[in-house]
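Chemist: Attaching a single structure in structure tokens format; questions to follow.
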Amino acid sequence: MAKSIMIQGTMSNAGKSLIAAGLCRIFTQDGYRVVPFKSQNMALNSYITDDGLEMGRSQVTQAEAAKRAPDVRMNPILLKPTSDKGSQVIVNGQPIGNMDAEDYFKYRNQLIPQIMEAYESLSQENDIIVIEGAGSPAEINLKQDDIVNMGMAKLAKAPVLIAGDIDRGGVFAALYGTYMLLDDSEKNYVKGTIINKFRGDVDILKPGLNMLRDLINIPVVGVVPYLNVDIDDEDSLTERFKRVKSQSLLDIAVIRLPRISNFTDFNALEHIDCASVRYISSVGELCNPDLIIIPGTKNTMGDLKWLRETGIEASILKHTAKGKPVFGICGGYQMLCEKLKDPYEVEFGGEMKGLGLIKATTVFTQQKIRTRVSGEFQKVDGIFKGLSGKHFEGYEIHMGQTDFTNGFTILTENNGRTKEDGASSGNIYGSYVHGIFDSDEVLFEIADALMKEKGYKYDRNSIFDSKSYKDKQYDLLAEALRTSLDMEYIYEVIDRGID
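Under UniProt numbering, the first residue of the sequence shown is numbered 1, with each subsequent residue one higher.
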């Protein structure tokens, strides 16, 4: 059976996912067979495995760091928020329905057998399992029947390291308070703390580290610097939404929908060296971009309503009236249609007028489509006509079928089957395929076309290879953690387990 280590945090976005990914790479480099695990993940960024099952992207990232294929056992429960109080519940990669928070809290204990079946199966096949918690173990209102923090540590008999984010301030209070709110049996599982996202001279921090150690009698395992590694973000707390390249020739604006999902689709666009990728949520932020992207969403009709109420819809239509391009992905593709119908009340129920930029109708269905796809673009119109014949690959996750009339471009799979999961009309483009921008040749055609519109020639400095680029980032992360963490002590904790 595998040994384990668990990373918990004082709060969401304390850096649990990144530290877990870095440890996955370190243990893999050291010759161990490693897998990540998170019993329950709440996120709108998800992924479809080769066998058509859905899981959270943070465990996909950690699996890549461990040089392993994503496996739904790594994340047996995924919650995808559909509203402020409810989520779609996905168990072992398949949706079992929507639940509000109260109903789910009553139900979740019934999921422990599925969690342990996944965990024990992975444990039989591997040497080390790196477990990630969620939120904070000190949320005392949620501790009863916990299945993701200390509850999971007990089920797996996993030693715990607690990470705190010093960049937000109050890290000593957060780590001390988190530990002191644990009961005695839970405290026995905590074997160390980690200060994360530190900027400055560690020597100035040392008196505080010593005092924290003396107060809780738990060692500080390390101080991790604020890292600039480019690794996929877990959720909507990402700092990508605030990043802007200065003085970029190309301006790409992604609409930051309230329930935006799979925004990792656009990370590849950041590697167009002459482009900035901005996430905007108001008309004032939109300005005059070269390309507008409408991303995926967990609630297409609800976010389309928001698009109208904010005035962003009118701005998008003005943008298209100038002949400038718009690209919709998944829910954004559905919004481009003339009409959206929801006969089974998958979202709001009833019908809603779309943006009307593609002569098509989307009907929401009760069955969720989950599949990986690869193939080629057929003949593409408009500014991005250079995409014709170019290879794409990715995955689909959607509840809905889009049917359109003649004159639209669709995609062809490698098996020769034509799929009606993409369309173009002039400079309006849409597709259900997540990851469609990850190909280097697709990136080049988009950049080249946008630069030509501005009267420039696009000189590609280097070929962007997504796989090798990611691999280098994981190595950089591992190197930084080896330098800043006491890895000898961490290995001792793993070998010793729970006393």
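Here a beta-carbon is modelled for each residue, glycine too, at the ideal position from N, C-alpha and C.
The structure displayed is predicted, hence computed values, not measured ones.
Which whole-angstrom value describes the C-beta separation of Ile221 and Ile490, a residue pair presumed to lie in contact below a C-beta threshold of 8 Å?
Modeler: The residue you call residue 221 lines up with position 221 of the sequence shown. The residue you call residue 490 lines up with position 490 of the sequence shown. Note that residue 221 is Val in the sequence shown, not Ile. Confirmed, about 6 Å.
Chemist: Taking the alpha-carbon positions, what's the Glu338 to Phe404 distance?
Modeler: Taking the first residue of the sequence shown as 1, we reach residue 338 at position 338. Taking the first residue of the sequence shown as 1, we reach residue 404 at position 404. Rounded to whole angstroms, Glu338 to Phe404 spans 10 Å at the Cα level.
Chemist: For my contact list, Ala20 and Val130 are in at a C-beta cut-off of 8 Å; report their separation, rounded to the angstrom.
Modeler: For the purposes of this step, residue 20 is taken as the residue at position 20 of the sequence shown. For the purposes of this step, residue 130 is taken as the residue at position 130 of the sequence shown. With 8 Å as the limit, Ala20 and Val130 qualify as a contact, their Cβ atoms being about 5 Å apart.
Chemist: When you compare each of Thr418, Gln88, Gly86, Ala134 to Val373 by their alpha carbons, which one comes out closest?
Modeler: The residue given as residue 373 occupies position 373 in the sequence shown. Here the closest residue by C-alpha is Thr418.
Chemist: For Gly354 and Asp381, I'd like the C-alpha separation in whole angstroms.
Modeler: Reading the sequence shown from its first residue, position 354 is the one you call residue 354. Reading the sequence shown from its first residue, position 381 is the one you call residue 381. Taking the straight line joining both Cα atoms gives about 21 Å.
Chemist: Taking the continuous alpha helix (DSSP H) assigned at Gln8, which residues delimit it?
Modeler: Stepping through the sequence shown from its first residue, residue 8 is reached at position 8. Where Gln8 is concerned, there is no enclosing alpha helix (DSSP H), although the beta strand (DSSP E) it sits in stretches over 3-9.
Chemist: With distances taken Cα to Cα, identify the nearest neighbour of Gly331 among Lys38, Asn149, Gly430, Ser87.
Modeler: As a position in the sequence shown, residue 331 is number 331, starting the count at 1. Comparing Cα-Cα distances from Gly331 to each of Lys38, Asn149, Gly430, Ser87, the minimum goes to Gly430.
Chemist: Give the DSSP-derived three-state secondary structure of Ala268 in the structure shown.
Modeler: In the sequence shown, the residue the question calls residue 268 occupies position 268. Note: Ala268 maps to helix in three-state DSSP.
Chemist: Are there three or more Cβ pairs, one per stretch, closer than 8 Å when the stretch 387-396 is compared with the stretch 442-462?
Modeler: At 8 Å Cβ cutoff, the stretches touch.
Chemist: Count the other CB atoms, across all protein chains shown, that sit within 10 Å of the CB of residue 507; report buried if there are 16 or more and exposed otherwise.
Modeler: A query on residue 507 cannot be resolved here, the shown segment of the chain reaching from 1 to 499 and no further.
Chemist: Tell me which same chain residues have a C-beta within less than 8 Å of the C-beta of Thr365, skipping the five on either side of it?
Modeler: The sequence position of residue 365 within the sequence shown is 365, counting from 1. Closer than 8 Å at the Cβ level, and outside the excluded window around Thr365, lie Tyr344, Val346, Met399, Gly400, Gln401.
Chemist: Using only the alpha-carbon positions, how far apart do Ser83 and Pro207 sit?
Modeler: For the purposes of this step, residue 83 is taken as the residue at position 83 of the sequence shown. For the purposes of this step, residue 207 is taken as the residue at position 207 of the sequence shown. Ser83 and Pro207: Cα-Cα distance of roughly 45 Å.
Chemist: To the nearest whole angstrom, what separates the beta carbons of Gly328 and Ile280, a pair I think is in contact under 8 Å?
Modeler: Here the question's residue 328 lines up with position 328 in the sequence shown. Here the question's residue 280 lines up with position 280 in the sequence shown. So it is not a contact: roughly 15 Å between Cβ atoms.
Chemist: Leaving out five residues on either side along the sequence, give the residues of the same chain with a beta carbon under 6 Å from the beta carbon of Leu142.
Modeler: For the purposes of this step, residue 142 is taken as residue 142 along the sequence shown, with counting starting at 1. Taken in chain order, the list of residues that qualify is empty.
Chemist: Please return the same chain residues whose Cβ sits closer than 8 Å to the Cβ of Gln114, not counting the five positions on each side in sequence.
Modeler: Against the sequence shown, residue 114 aligns to sequence position 114. Cβ neighbours of Gln114 beyond the five flanking positions: Pro76, Ile77, Val91, Asn92.
Chemist: Out of Phe105, Cys24, Asp342, Gly177, point me to the one whose CA is closest to Lys67's CA.
Modeler: As a position in the sequence shown, residue 67 is number 67, starting the count at 1. That would be Cys24, whose Cα lies nearest to the Cα of Lys67.
Chemist: Phe35: which of Asp471, Ala268, Gln62 sits nearest, CA to CA?
Modeler: In the sequence shown, residue 35 corresponds to position 35, counting from 1. Looking at the sequence provided, one finds Val at residue 35 rather than Phe. Ranking the options by Cα distance to Val35, first place goes to Gln62.
Chemist: Within 8 Å (strictly less), CB to CB, does Asp475 reach chain D?
Modeler: Protein chain content of the structure displayed is limited to a single chain, and chain D is not contained in it.
Chemist: Do Ala163 and Gly9 count as a contact pair if the criterion is CB distance below 8 Å?
Modeler: What you label residue 9 is simply residue 9 of the sequence shown in a count that begins at 1. What you label residue 163 is simply residue 163 of the sequence shown in a count that begins at 1. Closer than 8 Å, so yes.
Chemist: For Gly435, collect the residues of the same chain with a Cβ closer than 6 Å to its Cβ; drop the 5 residues on either side in sequence, then sort them by chain order.
Modeler: By 1-based counting over the sequence shown, the position of residue 435 is 435. Taken in chain order, the residues that qualify are Gly394.
Chemist: Just tell me which of Asp421, Lys154, Leu291, Leu155 has its CA closest to the CA of Gln334.
Modeler: Residue numbering aside, residue 334 sits at position 334 when the sequence shown is read from its first letter. Ranking Asp421, Lys154, Leu291, Leu155 by Cα distance to Gln334 puts Asp421 first.
Chemist: Which of helix, strand or coil does DSSP assign to Val283?
Modeler: The residue you call residue 283 lines up with position 283 of the sequence shown. In this structure, Val283 counts as helix in the three-state DSSP scheme.
Chemist: Could you tell me how far apart the beta carbons of Ile252 and Val277 are, in whole angstroms, since I believe they sit closer than 8 Å?
Modeler: Locating residue 252 in the sequence shown gives position 252, where the first residue counts as 1. Locating residue 277 in the sequence shown gives position 277, where the first residue counts as 1. Their Cβ separation, rounded to whole angstroms, is 5 Å, which keeps Ile252 and Val277 in contact under 8 Å.
Chemist: Rounded to whole angstroms, what's the CA-CA distance from Val326 to Leu291? Just pull it up for me.
Modeler: By 1-based counting over the sequence shown, the position of residue 326 is 326. By 1-based counting over the sequence shown, the position of residue 291 is 291. Going by the C-alpha atoms only, they are around 6 Å apart.
Chemist: Could you tell me if Gly22 is buried or exposed, where buried requires 16 or more neighbouring beta carbons within 10 angstroms of its beta carbon?
Modeler: Against the sequence shown, residue 22 aligns to sequence position 22. The residue in question, Gly22, is buried, as its Cβ has 16 or more Cβ neighbours within 10 Å.
Chemist: Cutting at 7 Å between CB atoms, please list the residues of its own chain near Tyr176, excluding the five before and the five after it.
Modeler: If you number the sequence shown from 1, residue 176 lands on position 176. Cβ neighbours of Tyr176 beyond the five flanking positions: Leu212, Leu215, Ile216.
Chemist: Leu250 by DSSP, collapsed to three states: which one?
Modeler: Counting from one through the sequence shown, the residue named residue 250 turns up at place 250. Of the three classes helix, strand and coil, the one that applies to Leu250 here is strand, per DSSP.
Chemist: Pick helix, strand or coil for Ala66, following the three-state DSSP scheme.
Modeler: The residue given as residue 66 occupies position 66 in the sequence shown. Coil at Ala66, not helix or strand.
Chemist: Count the other CB atoms, across all protein chains shown, that sit within 10 Å of the CB of Val442; report buried if there are 16 or more and exposed otherwise.
Modeler: In the sequence shown, the residue the question calls residue 442 occupies position 442. Counting Cβ neighbours within 10 Å, Val442 comes out buried, since at least 16 surround it.
Chemist: Beta carbon of Glu351, beta carbon of Lys341: below 8 Å?
Modeler: Locating residue 351 in the sequence shown gives position 351, where the first residue counts as 1. Locating residue 341 in the sequence shown gives position 341, where the first residue counts as 1. Yes; because the gap between Cβ atoms is below 8 Å, this pair is in contact.
Chemist: Could you check if Ser58 is buried or exposed, using at least 16 other CB atoms within 10 Å of its CB as the buried criterion?
Modeler: On the sequence shown, residue 58 is found 58 positions in, with the first residue counted as 1. Its Cβ being crowded by 16 or more others within 10 Å, Ser58 is buried.
Chemist: Enumerate in chain order the residues of its own chain whose CB-to-CB distance from Gln367 is below 8 Å, with the five nearest sequence positions on each side excluded.
Modeler: Counting from one through the sequence shown, the residue named residue 367 turns up at place 367. Counting only Cβ-Cβ distances below 8 Å, and skipping sequence neighbours, we find Met399.
Chemist: Rounded to whole angstroms, how far is the Cβ of Ala2 from the Cβ of Asn149, which I believe are closer than 8 Å?
Modeler: The count along the sequence shown starts at 1 and reaches residue 2 at position 2. The count along the sequence shown starts at 1 and reaches residue 149 at position 149. Incorrect: roughly 20 Å between the Cβ atoms, too far for contact.
Chemist: Quick one: Cα of Asp184 to Cα of Glu445, how far?
Modeler: Walking along the sequence shown from the start, residue 184 turns up at place 184. Walking along the sequence shown from the start, residue 445 turns up at place 445. Rounded to the nearest angstrom, the two C-alpha atoms are 59 Å apart.
Chemist: Spatial neighbours of Ile369 within its chain, please: C-beta separation below 6 Å, excluding the five flanking residues on both sides.
Modeler: Within the sequence shown, numbered from 1, the residue matching residue 369 stands at position 369. The answer, listed in chain order, is Glu396, His398.
Chemist: Near Ala174, what residues of its chain come up, given a Cβ to Cβ distance below 6 Å and the 5 sequence neighbours on each side ignored?
Modeler: Reading the sequence shown from its first residue, position 174 is the one you call residue 174. Answer for Ala174: Thr10, Gly164, listed in chain order.
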